[in-house]
Amino acid sequence: MKPPIFILLVCLVACKNSSFKQGVMDTFALDTLKDLRYDSIVSFDDHMPQGIKEAEKSHLHKDSLKGELFDVLTNDKQRKRLKENQIELLTKKSAPYEQSSGDYKECKGWSIPEKTIKYVMKHSRSMDFRELHDMFDVFPCVIEGVLIYKDEPYVYSMNAGGWWELTQGEKYLMMGYYGDDAIKRGFINGVYDWGSE
0 MKPPIFILLV
10 CLVACKNSSF
20 KQGVMDTFAL
30 DTLKDLRYDS
40 IVSFDDHMPQ
50 GIKEAEKSHL
60 HKDSLKGELF
70 DVLTNDKQRK
80 RLKENQIELL
90 TKKSAPYEQS
100 SGDYKECKGW
110 SIPEKTIKYV
120 MKHSRSMDFR
130 ELHDMFDVFP
140 CVIEGVLIYK
150 DEPYVYSMNA
160 GGWWELTQGE
170 KYLMMGYYGD
180 DAIKRGFING
190 VYDWGSE
């Protein structure tokens with residue numbers, strides 16, 4: 000079997016239509032980013048508990064999804080007006096993780112209450128992978144589930160390092176909780192304070 004990169008290169012050389020080439024390259028780049036996104040965390044698709052999969056399917060109407068929660072969470076004014084009771088956590092489960100990890104002792108039994116999840120969602124800021132790498136720890140312990148906002152389902156994943164992800168179909172958002180009370184709220188660690196060095 001030929002390696003996937005070889006097949007991609009053959010396709011690119013054989014293609015004469017540059018927009019098709021760009022589409023193939025964009026798809027390849029998107030797939031690569033998705034793979035990189037899960038290098039150090041548990042993938043939803045492979046490890047999502049059956050109850051979460053069923054809940055997501057029962058509330059998913061792909062043709063009518065608007066993704067309004069993404070707009071609310073990335074707009075400071077709208078996020079401040081967001082009421083915690085507008086978000087319904089349909090499911091909340093601990094995701095499986097590698098028990099041989101050095102973080103296993105800290106992760107054993109780790110969980111956070113629904114009230115904290117909603118609070119953190121409202122008081123987090125959007126971030127990118129650079130900020131995740133520089134500012135937060137990535138633990139193998141994760142709480143994940145399905146939430147409902149304005150009758151639309153979203154899959155969330157909250158990491159013990161004080162950051163979380165939100166997905167809906169192909170839409171994706173990564174948020175970090177920058178409050179200095181992350182440990183008091185039940186996280187193993189919070190945002191890194193570079194000023195304390």
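In this text, residue positions in the sequence shown follow numbering that gives the first Met the number 0: the first is 0, and each later residue adds one.
Don't be surprised by glycine CBs; every beta carbon is placed ideally from N, CA and C.
Practice item. Helix, strand or coil for Ile-111, going by three-state DSSP, please let me know. Key: coil
Check your understanding: For Gly-160, which residues from the same chain have a beta carbon less than 6 Å from its beta carbon, with the 5 sequence-adjacent residues on both sides left out?
Key -> Phe-135, Asp-136, Val-137, Phe-138 and Asn-188
Review point. When the distance is taken between beta carbons, is Met-157 closer than 8 Å to Val-190?
Key: no
Review point. When DSSP builds the beta bridges, which residues end up paired with Glu-151?
Key: Tyr-148
Practice item. Return the Cβ separation of Leu-146 and Glu-87 in integer angstroms, given the expectation that the two are a contact with Cβ distance under 8 Å. Key: 6 Å
Check your understanding: Distance, Cα to Cα, His-122 vs Trp-163?
Key -> 12 Å
Exercise for review: Let me know the secondary structure DSSP gives Val-141 once reduced to three states.
Suggested key: strand
Point to revise | Residues near Lys-149 in its chain [Cβ-Cβ closer than 7 Å; skip 5 each side] | key: Glu-67
Practice item. Indicate the three-state DSSP secondary structure (helix, strand or coil) for Leu-72 in the structure shown. Key: helix
Check your understanding: Which of the three DSSP states, helix, strand or coil, is assigned to Tyr-118?
Key -> helix
Check your understanding: Going straight from the alpha carbon of Thr-26 to that of Glu-169, what length do you get?
Key -> Model confidence at Thr-26 stands at a pLDDT of 43, short of 50, so the residue's coordinates are unreliable; what they give is reported in the following sentence. Spanning the two alpha carbons is a distance of roughly 12 Å.
Check your understanding: Where does the unbroken beta strand (DSSP E) through Met-174 begin, and where does it stop?
Key -> 170-175
Check your understanding: If you drop the 5 nearest sequence neighbours on each side, which residues of the same chain put their C-beta closer than 8 Å to that of Phe-69?
Key -> Leu-165, Gln-167, Lys-170 and Leu-172
Practice item. Starting from the C-beta of Val-71, find all residues in its chain whose C-beta is less than 7 Å away, skip the five residues before and the five after it, and write them out in chain order. Key: Gln-77, Arg-78 and Leu-81
Point to revise | Boundaries of the alpha helix (DSSP H) in which Glu-130 is found, first to last residue | key: 128-134
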